[in-house]
Structures are given as C-alpha cells and as structure tokens.
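Enquirer: One structure follows; several queries about it will come next.
In full-length UniProt numbering, the protein residues as written are 1 to 222.
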C-alpha cells in the first residue's frame, strides 16, 4: 500500500522521501522536546518542560501544586517514550532513533489513537496549552501564541500563512482548528512522507533546513 501511494505521488510530481520525513521530525523533536537544546532528549528535558509549563499556565507565577501535576505527567511521558523507543546507557534518546521508530509506523498508522502514547500525550498537552480560550479550538491568535513560544520564526505573516495552509472549508466556517481536526493533522504530521503536506505546520512553521545543524549538536565533530 505504501509503495502504491509513493508511485502515485511521484507521478504527481511531489517529492516524498525518508530524508524529508527525517528533517521534519528532527526539527519537531528539537523544538518540542529538546528543552535544553543539546541534541538529544533526556529526563532533564521533561523536567524543564514541566517547570516552564507551570509558569505558562499560571500567568507567569509559580505554583507548587501545578508544578507537581505537570512533573508527574512529564514523568509518565518520559517513561512511555523510553518504553517505546528505548535509550542508551546514559539515559539519552537520540533523534535518529526516534525517526527510525516512527518511520516504521507510517504504513500502518491511520488514526490518532494508533500513535505511540508518548506522542498522543504530548500532542494533547500542546493543544490545551495553546487553547488559551478553553473552547477546544485553536484560532489564529492562539496559533500565533504557540508558534512564537516554540518555533524559530520572526514574521507574523509566516505564522499566519502556515495557519491558513491547514484550514479546510469547515475549519474556516468554525473559525479555527478543533481538537478532532487537530488530531487528524497530528496523525498526518507523523505518518505522511509528503514534504509539502499542510500538516507539517500543525506544531508551528518548522524549518526542515535546520535539521542537519540540530543533529550536529549531539555530534560536535560536524
């Protein structure tokens, strides 16, 4: 089935390679999980994310109970990641191992609930963090908020263009991306091998050209 899709898209003139897929995911993992930007993922990244989320979700103030809640959730996500992908003896999970693991799922994953638990949990947490109006939908302003926090982007027009590229006719009528629609786009983000899929922007406008630089952080000889 995956070979058939590849041939169809190739005839349509669309590039579709594992390299494109790798670049998209490497930049995603760097911007969403590698909190200390050292080129790999560890428990320290999840601890830092829990602390940052505490301040973001509590109007810039620290609250021990909220921190404890996010720390517990982060611990669960980290353990789930390690169970699914594994790590080395130093407790590090490298981007390439994550990409290889997820690449094997592309041909048989069709629904959000079929994604690994650590990705489902991360995606849902991202959605609720950005849904500042708590109406179970992202509008343009909320998407801008998330993109500015997490992505290497300096132009609002670039963010707005990315948001518009994902909207279906129903999304436009509703005024944004609902949770169910978000799940569809997230699933496509992790399973589509099309470099130009609109879902590539669901976590903000990611720049795949940064992938090689990111990978070099874990390999200083680059």
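The beta-carbon is built from N, C-alpha and C at its ideal position, and this holds for glycine as well.
For a quick check, are the C-beta atoms of residue 152 and residue 210 less than 8 Å apart?
Expert: Cβ distance < 8 Å, so residue 152 and residue 210 count as in contact.
Enquirer: For residue 14, which three-state DSSP category applies?
Expert: Caution applies to residue 14, whose pLDDT of 47 falls short of 50 and renders its modelled position unreliable; the model cannot decide the point.
Enquirer: Between residue 93 and residue 40, which are expected to be in contact by the criterion C-beta below 8 Å, what is the C-beta distance as a whole number of angstroms?
Expert: Their Cβ separation, rounded to whole angstroms, is 6 Å, which keeps residue 93 and residue 40 in contact under 8 Å.
Enquirer: Starting from residue 199, follow the alpha helix (DSSP H) in both directions and report where the run begins and ends.
Expert: First-last for residue 199: undefined, no H or E at that position.
Enquirer: Below 8 Å between beta carbons: does that hold for residue 95 and residue 29?
Expert: Their beta carbons are under 8 Å apart, which means residue 95 touches residue 29 by this criterion.
Enquirer: Could you have a look at residue 62 and say whether DSSP puts it in helix, strand or coil?
Expert: Coil.
Enquirer: If we count Cβ pairs, one from each stretch, closer than 8 Å, do we get three or more for the region 183–201 versus the region 30–37?
Expert: Cβ pair count under 8 Å is below three, so no.
Enquirer: Could you pull out every residue in the same chain whose Cβ sits closer than 8 Å to the Cβ of residue 185, ignoring the five residues on either side in sequence?
Expert: Only 166, 177, 198, 199, 202 meet the Cβ criterion.
Enquirer: Figure out for me which residue from 101, 155, 64 has the closest Cα to the Cα of residue 85.
Expert: Per the Cα distances, 101.
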